[in-house]
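Enquirer:
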Amino acid sequence: MTDVELRQLRYFVAVAEELNFGRAAERLLIAGPSLSQQIKALERDLGVRLFDRDRRSVSLTPAGAALLPHTRALLDRAEDLQRCAERLSGSESVRLGYVNWLPPDLTARTAGVARLHLDAWIAPSHTQAARVADGSLDLAVCWVRTEDLEQRGLHACLLGADRLYAVSAGDDTGEVAAVDTAVLLDDDATSWSSWNVYAELLARDTGARAVRISDGGITGPAFFDHVRRSGRPVVNSPKGQTTPLPPDLVQRPVVAPRIHWTWSLVRRENEDRPAVLAAAEALCADVGDLGLDTPDSWLPEGDPHRR
1 MTDVELRQLR YFVAVAEELN FGRAAERLLI AGPSLSQQIK ALERDLGVRL FDRDRRSVSL
61 TPAGAALLPH TRALLDRAED LQRCAERLSG SESVRLGYVN WLPPDLTART AGVARLHLDA
121 WIAPSHTQAA RVADGSLDLA VCWVRTEDLE QRGLHACLLG ADRLYAVSAG DDTGEVAAVD
181 TAVLLDDDAT SWSSWNVYAE LLARDTGARA VRISDGGITG PAFFDHVRRS GRPVVNSPKG
241 QTTPLPPDLV QRPVVAPRIH WTWSLVRREN EDRPAVLAAA EALCADVGDL GLDTPDSWLP
301 EGDPHRR
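UniProt numbering applies: residue 1 is where the sequence shown begins, and numbers increase by one.
(1) Measuring only the C-alpha atoms, how far is residue 306 from residue 121?
(2) Which residues in the same chain as residue 195 place their Cβ atom closer than 7 Å to its Cβ, once the five residues preceding and following it in sequence are excluded?
(3) Whether or not the segment 161-170 and the segment 241-254 are in contact is what I'm after, with contact meaning three or more pairs of Cβ atoms, one per stretch, closer than 8 Å; do they touch?
(4) Between 293, 6, 179 and 156, which has its C-alpha nearest residue 73's C-alpha?
(5) Should residue 263 and residue 159 be called a contact, given that it needs their Cβ atoms to be closer than 8 Å?
(6) Output needed for residue 177: all residues of its chain with C-beta closer than 7 Å, excluding positions within five of it in sequence on either side, in chain order.
(7) Suppose you measure from the CA of residue 179 to the CA of residue 46; what does that come to, to the nearest Å?
(8) Using a 10 Å radius around the Cβ and a threshold of 16 neighbouring Cβ atoms, would you call residue 26 buried or exposed?
(9) Output the distance between the C-alpha atoms of residue 152 and residue 268, rounded to the nearest integer angstrom.
(10) Taking the beta carbon of residue 125 as the centre, do at least 16 other beta carbons fall within 10 Å, making it buried, or is it exposed?
(11) Less than 7 Å between C-beta atoms, sequence neighbours within five positions excluded: which residues of the same chain meet that for residue 282?
(12) Is DSSP giving residue 59 helix, strand or coil here?
(13) Using beta-carbon positions only, say whether residue 181 and residue 132 come within less than 8 Å of one another.
(14) Please report the straight-line C-alpha distance between residue 65 and residue 13, rounded to a whole angstrom.
(15) Provide the residue span of the beta strand (DSSP E) that contains residue 259, from first to last.
(16) Around the C-beta of residue 296, are 16 or more other C-beta atoms found within 10 angstroms, so that it is buried, or is it exposed?
(17) Is it true that the segment 182-192 meets the segment 286-294, where meeting means three or more beta-carbon pairs spaced less than 8 Å apart?
(18) May I have the straight-line CA-CA distance separating residue 271 from residue 154, to the nearest angstrom?
(19) For residue 246, tell me which candidate among 8, 225 and 210 has the shortest Cα-Cα distance.
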């Protein structure tokens, strides 16, 4: 047990929750082979097999299922210890806002650097960027364009990315070309401003069919109803990436091109507080390209991480 690391235990929990090494690796922002090697090392150190796996499926072994709640409890205690140490150290608080996604190892990355305070107001990307600009947040995880950064005096570094997929009725789970998909745009520009900009550029660049709606159906049950009525697969938004699908709908990879949504960590360009700068550096270190540099990858015009 002396060789077991908290990092490996977090990896175990992620794979147990996803039951898919690829999805778990994307969630953890690490390479798939590295994740597999770490799980094997953890199994070796614990002396038990945690997962049964073959080419098509991953499942917990009885030992893995028995150890999972104990692992979660141990990680919770480790986080409590970390929070206690931060309070005792009196480290400077950094206010972080987000939309719906955060790195799973957020606390571990910033430990010893700053006391991170997660803002309770979950708001759209353009709102969170504006709050950083006006000083009500120090950092925000959101989707931004270069023009937003320039207008508001902000700086962005790449923190994460989602490869978006399409949802369709039936049982065909094969790849679908972007030109054969539909993408929804909602009339509620207050809530869906960033998504609407992204969707319009996606339709323009790839030939996907833009469909205007007025019922908030970018996510949730209303989105599934739009999919059922659509004559083609519908691109899923980043807010729906991890939502379980109803049994009559399937997920399909979008190709030609592979479409991505980026998550930036945004701070003020003139930020000079050491704790904020250190937290930003710690969060964005060693992120990598996340598949964004492949020849068939697409990012919208104006994305600060588009090359």
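Backbone N, C-alpha and C define an ideal beta-carbon position, used for all residues, glycine too.
Expert: With the structure as the only source:
(1) Here the alpha carbons of residue 121 and residue 306 stand approximately 29 Å from one another.
(2) 218 and 237
(3) yes
(4) The residue with the shortest Cα to Cα distance from residue 73 is 6.
(5) yes
(6) 255 and 256
(7) Roughly 49 Å between the two C-alpha positions.
(8) buried
(9) 8 Å
(10) buried
(11) 109, 110 and 113
(12) strand
(13) no
(14) 10 Å
(15) 258-268
(16) exposed
(17) no
(18) Take the alpha-carbon of residue 271 and the one of residue 154: they are about 9 Å apart.
(19) 225
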